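J.: Just so we're aligned, residue -17 is where the sequence shown starts under this note's numbering, counting upward by one. Where a beta carbon is used, it is the ideal one built from N, C-alpha and C, also for glycine. These numbers come from a predicted model, not from an experiment.
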Amino acid sequence: MSTSRTSPWSSTLLLSFLIIFNVALTVLIRMSPFFKFDEVEIIQSANLHGEDYARLWPVNFGEPVKLFIEDTVHYQLEGTTDNDNEWEALTPGDGIVYLGDDHEPHSITMFHSLRCLNVLRQDLSSKPVPIASDLSRHCMNYLRQIITCNSDLHLAPLVGYRRNAHPDVYMCRDWSAVYQKYEENQKEHLRWLLENAPKLPRK
-17 MSTSRTSPWS
-7 STLLLSFLII
3 FNVALTVLIR
13 MSPFFKFDEV
23 EIIQSANLHG
33 EDYARLWPVN
43 FGEPVKLFIE
53 DTVHYQLEGT
63 TDNDNEWEAL
73 TPGDGIVYLG
83 DDHEPHSITM
93 FHSLRCLNVL
103 RQDLSSKPVP
113 IASDLSRHCM
123 NYLRQIITCN
133 SDLHLAPLVG
143 YRRNAHPDVY
153 MCRDWSAVYQ
163 KYEENQKEHL
173 RWLLENAPKL
183 PRK
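(1) Secondary structure at Y152, three-state DSSP: helix, strand or coil?
(2) According to DSSP, simplified to helix, strand and coil, what is F93?
(3) Below 6 Å CB to CB, which residues in the same chain sit around T91 once its five sequence neighbours on both sides are set aside?
(4) In this structure, what does DSSP give as the bridge partners for H120?
(5) Contact between the stretch 74 to 93 and the stretch 101 to 115: three or more CB pairs below 8 Å?
(6) Measure the alpha-carbon distance for Y161 versus I129 and round it to whole angstroms.
(7) Between the Cα of E70 and the Cα atoms of T54, F93 and S89, which residue gives the shortest distance?
(8) Using only the alpha-carbon positions, how far apart do H88 and P46 sit?
(9) Our contact map puts D150 next to H171 with C-beta atoms below 8 Å; I'd like the distance itself, whole angstroms only.
(10) Which residues in the same chain as Y124 place their Cβ atom closer than 6 Å to its Cβ, once the five residues preceding and following it in sequence are excluded?
(11) Out of curiosity, what's the CA-to-CA distance linking V101 and S118?
(12) Counting C-beta neighbours from all protein chains within 10 Å, is the total for R37 16 or more, i.e. buried, or is it exposed?
(13) Give me the residue from P74, I51 and E166 with the minimum Cα distance to C187.
(14) What is the C-beta distance between L49 and Y152, in whole angstroms, given that I count them as a contact (C-beta under 8 Å)?
(15) Using C-beta distances below 7 Å, list every residue in its chain close to C121, excluding the 5 sequence neighbours before and after it, in chain order.
(16) Helix, strand or coil: how does DSSP classify V160 here?
(17) Can you name the start and end residues of the beta strand (DSSP E) that V79 belongs to?
(18) Identify whether K18 lies in helix, strand or coil by the three-state DSSP scheme.
(19) Here's a check: name, in chain order, each residue in its chain whose Cβ is nearer than 6 Å to the Cβ of G61, leaving out the five neighbours to either side.
(20) Answer with buried or exposed for P112, where buried requires no fewer than 16 other C-beta atoms within 10 angstroms of its C-beta.
(21) According to DSSP, K169 sits in a beta bridge with which residue or residues?
(22) My output table needs one value for V101: the three-state DSSP class, helix, strand or coil.
Here it is, written out as structure tokens:
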């Protein structure tokens, strides 16, 4: 009779992922009215070089939206086709935006973080043994720093908490505005590629 064992390394990595997953998704799509970027430069021009290098991609979020923190059947850990498709849909086109006169590629923090969560998920669901790749190590450190930077102070009850009975409510930036502006950026980049593509000589 054979028994399967889970290695201590695998259990630790899984626990770390679940903790980071729960906290990171909250941070990524949360918007606190007290969270400001007073000292951070926002992209206003096409100049992306030198000391004037811009730090933020401006998006008009409009009114805050509510997010209920609760369990879901979506975005699961297992490496199934449906799960893979759902995770990849979170970062269409690898989440790359093109800015400046030369349409230089950039990754915004929201998409970078979501991609990192997917990298950790893929490593954890790899068979037969989870693989800690260099990319997953980068992602673990990146998410740690992003979560620390945001320093979300919302309180989560630990005693007497009934699962899904009273989901926590967060006031968030409307993340759909990011996807809308991203789609506009992709269309503009496609037009730029067509306009700047080398013309083939006529036969």
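T.: A quick look at the data gives this:
(1) strand
(2) helix
(3) none
(4) None, per the DSSP bridge assignment.
(5) no
(6) 22 Å
(7) F93
(8) 26 Å
(9) At roughly 38 Å, the Cβ-Cβ gap does not stay under 8 Å, so D150 and H171 are not in contact.
(10) C98
(11) 6 Å
(12) exposed
(13) No statement about residue 187 is possible, as the shown extent of the chain runs from -17 to 185 and does not include it.
(14) 5 Å
(15) C98, V101 and L102
(16) helix
(17) I78 to L81
(18) Any reading at K18 needs caution, since the residue's pLDDT is 40, under 50, leaving its predicted position unreliable; the model's value is listed next. DSSP places K18 in coil when its eight states are reduced to three.
(19) S107
(20) buried
(21) Looking at the DSSP assignment, K169 forms no beta bridge with any residue, so it has no partner.
(22) helix
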